[in-house]
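Trainee:
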Amino acid sequence: MEKLRLLNNRHVNLWHVYNALLLIVPSVVGFNLNTEQPRIFKALSDPSAFGYRVCHFGSGSVLVTDPLYNNGTGSVYRCVYQEGQCVKLPIEVQSDGAFGLSLACTEHRAMVCSPRVQQECEGFHYLHGVCVELNVSLAHTHSHKPVFQECHAIPPLDAVILFDDSQSIAAEDFTKMISFIKDVISSFIPNPRAQVAVAKFSTRVSAVFQFENFAADRNADSLMKGITHSKGNTHTPSAIRFVLDEMFQERVGMRSNSQKLLVVITDGKSNDEKDNFNSVISLADMKGVTRFAIGVGKEYSREELEQIATEPRYVFETPSFSSLTSIVSQLTERIFSIEGTNVGNSIQLELSQGGFSVALSEEVSVFGAVGAFSWSGGLEEKIPELNASFINASTMEDMNNSYLGYSVAMATVLGGHVYFAGAPRHKHIGAVFGFTRDAHKHWSVTYAAHGTQLGSYFGAELCVLYGDDIVLLAVGAPMFYAAGVGGEVQLCSVETGALNCSEVLRGSAGNVDGRFGSALAVLQDLNEDNVMELAVGAPHEEQGKGAIYIFTSHRRGLRTKHTQRVGGAAVGYLLQYFGLSLHSVGDLSSDGLPDLVVGSRGAATVLRTQPVICVAVSITMDPPIIAQNFFHCSAPHGLNTPIAKATVCLKLREVFTGTIHGPFHATVSVFLELDSGSTSPRLFFYPVSSISYWNTTLSNTSVCHTFPITIQSCISDYQDVPLSGRLTVRGQTVGHTQGLRPVLHPDCPNTHTITHTVLLEKVCGEDHVCVSNLNVSLQVSSDMVVNIQGFRVNVSVVVVNEGEDASGTELFFLHPLVLSFTRISPVESIGYIECSSHETAVMNLTQTTCRLGSTIFRQRAKVVFIMSFQLSEPVSLGDRVDVNVTVKSKNENPGTLHDNSASVSMPVKQVVHFLLRDGGSTQYIHYNNSALIQHIYELANAGVLSTSVSVTFVLPLETNSGLLWDVSPPGINVTGVKCDKPMLLKKVNTSYNSQNCRGSSCHLISCSVSLLTSDRPVTFTFSGKINTQTKVDNVQVESWGLVSFDQNRYTQYLNEEDLLRSIITVVESPAQAQTTLIASLSVLFGVLVMIVLFMVLYKVGFFKSKSFETAAQEADGPTATSTEQNDSNTAAENTDGKTASNNTHTDNPNKSNNCNTAHVVEETSVL
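Under UniProt numbering, the sequence shown has 591 at position 591, and the numbering climbs by one with no breaks.
What follows is the structure, given as structure tokens:
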């Protein structure tokens, strides 16, 4: 009964019921609603709930309910469209029943319900419904009480409060507990059917007062007066047994037919050694005692409390005795909620609220009863002259508090009837169930759909839409929430055994509190596809002004984007919660067009639909294809002059006009654009614009306009030129219709955009279809990649089109990430080339895309260019570098793609720098009979990379002039060097080493260095004497050295000349003719000197005195001595085998001079 009391409280103000639980509200709208001339009906008195339900019923009239009229009694009004007035219908209803809370209409009957009529049964209030049926004359034909429960006997309630007064409770807390018990006792006093007794326990248990004492004196203070605090142990099981055996007895005032209830209050665990919970709880269950358990403080056992309580929800916990006051209300609510429920069993039809929702056909009425079976809910089917049939779903899983019947809808599927019912609180996410009856008259669930979000109230509103061969169920979830979303409608196709809810409708973004989906209704088919349109109400949008949405049908479903939104403020600035209810079944304004009734707070509004038209657009080109001689770059003849004409024709077509007779007129604006989206349009409207406008007025006749077309420069892109545009249509007011004007149908072709193409001759044969045949080849300037920063790799690219014109030609280069594209150098090009790079999904690879500048790559065209790459991170390279390229176009057949790709692969080599130089060899020597020559080679590492190296030496053994060099094996200054045995080379051999042999025969010596580092150069010293059997003159002795290494891994980049070195020694030996000449000149010079000396002495008379002889004798001694000395010196010089060759050459002339001198002196003496 407490649930009944609570539900009564909820229905005190039905408007707050809507705001709290979002009661269902039917709604309807159309894409062609006229908002300029609405017909608004306002409440006659208090406007708070007028407009809560509306429906079009009867000829030109609307039914409007006000369930809060006369303090919640409710009423229904008839509002006549032509008169603009509303009249309250004289229907007698019970007070406080909220008459008009639900309303349904068909063509011939209407049903208005009061779902909260109260019926008093033995002090309790049942809630049931009373529904009134009206005929087309608005006469009350009969009444019906759906899911009605007659009064039945309700047992009284006997409750015992058993509290703990053990020693663990302080005196102050004991006082607080007694005060709490008095408050609980006081809640029993006003109820004549309930009585209470109290007992206390510690080590012992005793009754404070019995039921008979409470019956005699219902005063809590006097009953609890003089209670003492025992302060013993906590023997809880024994205390419960005492209550069961001694207090639930008729001798102390218990009533035999009563519901029995026990409340146990304790602050600790039981230490009872005489009894246990298992046996005493079994006894309580056997006697049918419902038990509550209250734990206070921190020392009690939750497990014991759950053993004591009948159900876990009957367990209460408080942190202290001071907090007991906070649970008084909750505890008493739970206690009295079981009163009158057949000893704790759930209620059945006592609170059914039959008629909470209603759906009608011409013969059948279906009523929702949300309160049946502990608010599991249910449905009732009523057919005239037959008993009502109740559909009980309470036995289904988790149906408690589901509110099944919150909304109902009837559908005909495959020839049978299906009753759909919404349960918006099922498992807290909501559900919809479809019920059918089998041949045995048994009801079963054949359709089901479930919500997706907690608290979304999925199933709060239902609506069925029909098409030629489809049935759609729209399900409102007005409390659904997402970012920018406030409510949604799921659209479910009704298939055998399942509801496929795959489409979702939502309102305008940003209305998070709009409650979109609060109302649903169908509207007559307006787009000629034989499927109804859907209207959705969102009464909380625009801060409570409200709005309605229209969704038109499309492809066996509905468009998920609304075709019209009407805000309440646009219809009437004083309207609130516009879209609270909606309905549309026909014509109210006598124009043959369906009208829409919209309920709002305190008003009902009729919106008329307008005539629907289409504007057909046709475009004709003259000529149909523009010839290439007007635009081809080889010989354009049509520049700056009209080369074609586009003729645009418009025609107005009536789609849905009701009984309104034309002619209909509309103002049309046409906007056209050529080659839209292109930065350089190929075609222009004459004289020089790519856009053009045209405004005209349409009626039932066709109107045309011609647009000349020209070009400003030749065209190489032969793709069709798009001709696009927009069409704006505004209908003109139709006479004698009170402001109606035709509107454009959303499904008309070219409703929003105009699309056409201007064809260009494609220069590709009779079929005008170009098929390209591209091929590409690559070539690199270097056969390797040197692993150094900034190394440049140049790739020569050749692209040839061997087919017809190619469109959208692009090249895709795939190369390592460390090889950065730097520039492109055209060699043979037909236009600019654009390239850009970006990383790919493949690790360490980059794709560089190059687009040929011209949109069309002409047939038989060829383009050659150099792609330059630069090495950015040498450390990241592997052993090889691969560059791949693929050329693509938009119009090449798959069969010719085999040559559209090419690749090059280059080895990666490390940089080394080896230096072979002269280490101080013999450069020049004079040869006599023998001499020693040294050729010294120094091998150094001038780089940073140490590796093994080989050196090959070519050493002449015999020169072409016959000079022999007896060269020895090399002397080496370091270890780790190994030289092979000399190999004899002959000049006749044509090998490279033989060509370096500068003589008739040479030695070839190969040496290998295991590891050549930069800090330890290697010296190779070749020594040997030379000799010859023939005369030599200026002979060169030339040897060669050549450094080699692993060229698969290394390269001597930019310093290759340092790998080859030659050493030359020049050998000289004077000839005999030269010696004779020197001697002859010496003798002649000596004779001349003697003659001059003789003449001088003769002139002075040296030969005429005695002294002359003496002088001559004195002179003769020294002369001889001098001669002897000269002879002696000469002999000494000739015996010196180590004298240089130039000294040797002067020996013989000296001898000749000495001999001649002696001879002259000798002759002088004779004279």
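Positions of the beta carbon are idealized from the N, C-alpha and C atoms, including for glycine.
Could you check which residue in A902, K274, P611, S230 has the C-alpha nearest to that of Q738?
Mentor: The count along the sequence shown starts at 1 and reaches residue 738 at position 738. The candidate whose alpha carbon is nearest that of Q738 is P611.
Trainee: Is it buried or exposed, E892, if we count other Cβ atoms within 10 angstroms and call 16 or more buried?
Mentor: Counting from one through the sequence shown, the residue named residue 892 turns up at place 892. With 16 or more other Cβ atoms within 10 Å, it is buried.
Trainee: Is there contact here, the region 827-843 with the region 869-888, by at least three beta-carbon pairs under 8 Å?
Mentor: At 8 Å Cβ cutoff, the stretches do not touch.
Trainee: Between I933, D529, T1051, which has its C-alpha nearest H913's C-alpha?
Mentor: As a first step, residue 913 must be located in the sequence shown, where it is residue number 913. The shortest C-alpha separation from H913 is found at T1051.
Trainee: Is it the case that the region 176-193 contacts the region 272-283, given that we only count it when at least three CB pairs across the two stretches are under 8 Å?
Mentor: no
Trainee: Give the DSSP-derived three-state secondary structure of P246 in the structure shown.
Mentor: Numbered from 1 along the sequence shown, position 246 holds the residue referred to as residue 246. The question names Pro, yet the displayed sequence has Glu at residue 246. Looking at E246 - three-state DSSP - the assignment turns out to be helix.
Trainee: If we call anything under 8 Å between Cβ atoms a contact, is G599 one with L574?
Mentor: Locating residue 599 in the sequence shown gives position 599, where the first residue counts as 1. Locating residue 574 in the sequence shown gives position 574, where the first residue counts as 1. Result no, Cβ atoms of G599 and L574 do not sit closer than 8 Å.
Trainee: By the three-class DSSP mapping on this structure, what secondary structure does I227 have?
Mentor: Locating residue 227 in the sequence shown gives position 227, where the first residue counts as 1. Residue state, collapsed to three classes: coil.
Trainee: Mind checking whether D805 and V769 have CB atoms under 8 Å apart?
Mentor: Position 805 of the sequence shown, counted from the first residue, corresponds to residue 805. Position 769 of the sequence shown, counted from the first residue, corresponds to residue 769. Not closer than 8 Å, so no.
Trainee: Should T620 go down as buried or exposed, given a rule of 16 or more other Cβ atoms within 10 Å for buried?
Mentor: The residue labelled residue 620 in the question sits at position 620 within the sequence shown. T620 comes out exposed.
Trainee: Among the candidates L404, Y718, E250, whose CA atom is the shortest distance from the CA of F356?
Mentor: Taking the first residue of the sequence shown as position 1, residue 356 is located at position 356. It is L404.
Trainee: Any contact between the region 394-411 and the region 362-381? By contact I mean 3 or more CB pairs, one from each, below 8 Å.
Mentor: Yes, the region 394-411 is in contact with the region 362-381.
Trainee: Could you tell me which of V799, F813, L819 sits nearest to N787, measuring between CA atoms?
Mentor: Position 787 of the sequence shown, counted from the first residue, corresponds to residue 787. Answer by Cα proximity: L819.
Trainee: Check the DSSP bridge columns for G434 and list the partner residues they point to.
Mentor: Taking the sequence shown and counting its residues from 1, the one referred to as residue 434 is at position 434. Partner(s): F420, Y447.
Trainee: Got a sec? Which residues, its chain only, sit under 7 Å from S456 by beta carbon, not counting five neighbours each side?
Mentor: Counted from its first residue, the sequence shown places residue 456 at position 456. Cβ neighbours of S456 beyond the five flanking positions: I429, G430, A477, M479, F480.
Trainee: Report the residue from R823, P816, L774, A483 whose alpha carbon sits nearest the alpha carbon of T796.
Mentor: Residue mapping note: residue 796 aligns to position 796 of the sequence shown, counting from 1. Thr is not the amino acid found at residue 796; the sequence shown has Ser there. Here the closest residue by C-alpha is R823.
Trainee: Taking C-beta to C-beta, are G72 and A104 nearer than 8 Å?
Mentor: Residue 72 sits at position 72 when you count from the first residue of the sequence shown. Residue 104 sits at position 104 when you count from the first residue of the sequence shown. Against a cut-off of 8 Å, the Cβ pair of A104 and G72 comes out as no contact.
Trainee: Report the three-state DSSP secondary structure of S337 (helix, strand or coil).
Mentor: Here residue 337 refers to the residue found at position 337 of the sequence shown. Helix at S337.
Trainee: Can you give me the C-alpha to C-alpha distance between F671 and Q732, rounded to a whole angstrom?
Mentor: Residue mapping note: residue 671 aligns to position 671 of the sequence shown, counting from 1. Residue mapping note: residue 732 aligns to position 732 of the sequence shown, counting from 1. If you take the alpha carbons of F671 and Q732, they lie about 20 Å apart.
Trainee: If you reduce the DSSP assignment to three classes, tell me which class H426 lands in.
Mentor: Here residue 426 corresponds to residue number 426 of the sequence shown, with the count starting at 1. Looking at H426 - three-state DSSP - the assignment turns out to be helix.
Trainee: Round the Cβ separation of F1020 and I1064 to the nearest angstrom and send it over; I've been treating them as touching at under 8 Å.
Mentor: Against the sequence shown, residue 1020 aligns to sequence position 1020. Against the sequence shown, residue 1064 aligns to sequence position 1064. Not really, about 16 Å apart at Cβ, beyond 8 Å.
Trainee: I need the DSSP call for G476, collapsed to helix, strand or coil.
Mentor: Position 476 of the sequence shown, counting from 1, holds the residue named residue 476. Three-state result, G476: strand.
Trainee: As a quick exercise: from T318, P623, V494, pick the residue whose alpha carbon is nearest that of K176.
Mentor: The residue given as residue 176 occupies position 176 in the sequence shown. Nearest of T318, P623, V494 to K176, Cα basis: T318.
Trainee: Looking only at C-alpha atoms, which of L1054, S1062, V1009 sits nearest to F953?
Mentor: If you number the sequence shown from 1, residue 953 lands on position 953. When only C-alpha atoms are compared, the closest one is S1062.
Trainee: Could you give the residue range of the alpha helix (DSSP H) that holds R506?
Mentor: Within the sequence shown, residue 506 is the residue found at index 506, counting from 1. Counted as a single uninterrupted DSSP element, the stretch harbouring R506 is not any alpha helix (DSSP H), since DSSP gives it neither H nor E.
Trainee: Skipping 5 residues on each side, what residues in its chain have a beta carbon closer than 6 Å to that of E938?
Mentor: As a first step, residue 938 must be located in the sequence shown, where it is residue number 938. Residues R917, G919, P1017, T1019 of the same chain have their beta carbon placed closer than 6 Å to that of E938, with the five preceding and five following residues left out of the count.
Trainee: In terms of residue numbering, what span does the beta strand (DSSP E) encompassing V208 cover?
Mentor: As a working note, residue 208 is residue 208 in the sequence shown. It spans 205-209 - the beta strand (DSSP E) in which V208 sits, taken as one unbroken run.
Trainee: Enumerate in chain order the residues of its own chain whose CB-to-CB distance from Q998 is below 6 Å, with the five nearest sequence positions on each side excluded.
Mentor: Residue mapping note: residue 998 aligns to position 998 of the sequence shown, counting from 1. For the record, residue 998 in the displayed sequence is Arg; it is not Gln. Answer for R998: P956, E1038, listed in chain order.
Trainee: Output the distance between the C-alpha atoms of L871 and L897, rounded to the nearest integer angstrom.
Mentor: The count along the sequence shown starts at 1 and reaches residue 871 at position 871. The count along the sequence shown starts at 1 and reaches residue 897 at position 897. Spanning the two alpha carbons is a distance of roughly 31 Å.
Trainee: Is the region 154-167 touching the region 194-202 in the sense that three or more CB pairs, one from each, lie closer than 8 Å?
Mentor: yes
Trainee: Under 8 Å between the Cβ atoms of D173 and S202?
Mentor: Along the sequence shown, one-based indexing puts residue 173 at 173. Along the sequence shown, one-based indexing puts residue 202 at 202. The answer is no: Cβ separation not under 8 Å.
Trainee: Which of the three DSSP states is assigned to P319 in this structure?
Mentor: The residue given as residue 319 occupies position 319 in the sequence shown. It is coil, neither helix nor strand.
Trainee: Let me make sure I understand the geometry here. Which of T609, T886, Q210 has the alpha-carbon closest to that of V585?
Mentor: On the sequence shown, residue 585 is found 585 positions in, with the first residue counted as 1. Nearest option by C-alpha distance: T609.
Trainee: Assuming the contact rule is C-beta atoms closer than 8 Å, T563 and I550 should be a hit. Round their C-beta distance to whole Å, please.
Mentor: Here residue 563 refers to the residue found at position 563 of the sequence shown. Here residue 550 refers to the residue found at position 550 of the sequence shown. At roughly 5 Å, the Cβ-Cβ gap stays under 8 Å, so T563 and I550 are in contact.
Trainee: Within 10 angstroms of the Cβ of V264, are there 16 or more other Cβ atoms? Answer buried if so, exposed if not.
Mentor: Counting from one through the sequence shown, the residue named residue 264 turns up at place 264. Buried is the call here.
Trainee: Given 7 Å as the limit, tell me if V974 has its C-beta closer than that to any heavy atom belonging to the ligand GDP.
Mentor: No copy of the ligand GDP occurs in the structure displayed, which carries no ligand at all.
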